[in-house]
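Student: Protein sequence lines correspond, in order, to chains Y and S.
In this text, residue positions in the first sequence follow the working numbering: the first is 48, and each later residue adds one.
In this text, residue positions in the second sequence follow the working numbering: the first is -17, and each later residue adds one.
Heads up, the beta-carbon is just placed ideally off N, CA and C, and yes, glycines get one too.
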Amino acid sequence: GAGVSQSPSNKVTEKGKDVELRCDPISGHTALYWYRQSLGQGLEFLIYFQGNSAPDKSGLPSDRFSAERTGGSVSTLTIQRTQQEDSAVYLCASSRGTTNEKLFFGSGTQLSVL
Amino acid sequence: GESVGLHLPTLSVQEGDNSIINCAYSNSASDYFIWYKQESGKGPQFIIDIRSNMDKRQGQRVTVLLNKTVKHLSLQIAATQPGDSAVYFCAENRYTGFQKLVFGTGTRLLVSP
Chain Y
48 GAGVSQSPSN KVTEKGKDVE LRCDPISGHT ALYWYRQSLG QGLEFLIYFQ
98 GNSAPDKSGL PSDRFSAERT GGSVSTLTIQ RTQQEDSAVY LCASSRGTTN
148 EKLFFGSGTQ LSVL
Chain S
-17 GESVGLHLPT LSVQEGDNSI INCAYSNSAS DYFIWYKQES GKGPQFIIDI
33 RSNMDKRQGQ RVTVLLNKTV KHLSLQIAAT QPGDSAVYFC AENRYTGFQK
83 LVFGTGTRLL VSP
């Protein structure tokens, strides 16, 4: 079956502009995660969605970052007034449940802020 | 603090050798661990996982060892192949109401033919 799909694969934007990144999780997966990966670094947790519950936003680095998940499926990560330090790969993952379940990752969106 | 670290940033091996990638974790309450492989331009790909009630688990050409006493995790790859060249991440699950995976910075494995 199809894996986690992210779009766009690459995004170049100017400092101060807003960007939207999209994630289509695996069908039937109730949990959805966003991670950020800076060059040569590990993965930094951003936000988590589980079903219809309120998302856990504890990893969002500032109030310029927000995310939503419509209909329990597709998710959009929005970064407002982008800064150069926002440049990174943004990875989305989904899993079947909440406890000790492997995460399946998309290929990510490479964001470059000029 | 919260950290999952790796002992070596880069590991170079010859094709056919066995590779061992090490990982230290800091939270003794973590109950689930995963190894991921990430090739250039791709997202992390699941390799193998282990729960804290086990100390060893084997997959196809890979073995994960967990030593809870010293909070150490290792990934062993048998008969390493050029296609194994990638960055390998260990991740530790700290269940705080949901599955929150904390990742290390990764080890780059370079396999020479």
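Contact defined as beta carbons within less than 8 Å: I believe Y/Leu138 pairs with S/Gly25. What is the distance between those atoms, to the nearest angstrom?
Tutor: 6 Å
Student: Taking all protein chains shown into account, do 16 or more other C-beta atoms lie within 10 angstroms of the C-beta of Y/Gly153, making it buried, or fewer, making it exposed?
Tutor: Result: buried.
Student: Is the segment -10 to 0 of chain S touching the segment 87 to 95 of chain S, taking contact as three or more C-beta pairs under 8 Å?
Tutor: yes
Student: Using three-state DSSP, classify Y/Glu67 as helix, strand or coil.
Tutor: strand
Student: Could you name the residues of the same chain whose beta carbon sits closer than 7 Å to that of Y/Ser134, not counting the 5 residues immediately before and after it, in chain order?
Tutor: Leu158, Ser159, Val160
Student: Run through the DSSP bridge pairs and tell me what S/Asn4 is partnered with.
Tutor: S/Ser56
Student: Looking at the C-beta of Y/Thr123, does it have a partner C-beta in chain S at a distance below 8 Å?
Tutor: no
Student: If S/Gly41 sits next to S/Tyr70, beta carbons under 8 Å apart, how far is it from one beta carbon to the other, in whole angstroms?
Tutor: With a Cβ gap of about 14 Å, S/Gly41 and S/Tyr70 do not count as contacting.
Student: If you run the structure through DSSP and keep just helix, strand and coil, what is Y/Gln131?
Tutor: helix
Student: Hey, S/Ser67 and S/Lys50: beta-carbon distance below 8 Å or not?
Tutor: Not in contact: S/Ser67 and S/Lys50 (Cβ atoms no closer than 8 Å).
Student: Quick check on the burial criterion: 16 or more other C-beta atoms within 10 angstroms. Buried or exposed for Y/Asp110?
Tutor: Counting the other Cβ atoms within 10 Å of the Cβ of Y/Asp110 gives fewer than 16, which makes it exposed.
Student: Nearest CA to the CA of Y/Gln127: which residue from Y/Lys62, Y/Asn99, Y/Lys58?
Tutor: Y/Lys62
Student: Buried or exposed, going by whether 16 or more other CB atoms sit within 10 Å of the CB of S/Leu(-7)?
Tutor: buried
Student: Spell out a yes or no on whether the segment 51 to 60 of chain S and the segment 66 to 73 of chain Y are touching, meaning 3 or more CB-CB pairs, one atom from each, closer than 8 Å.
Tutor: no
Student: Using beta carbons (cut-off 8 Å, strictly below), is S/Asn119 in contact with chain Y?
Tutor: Any question about residue 119 of chain S goes unanswered here, given that chain S covers just -17 to 95.
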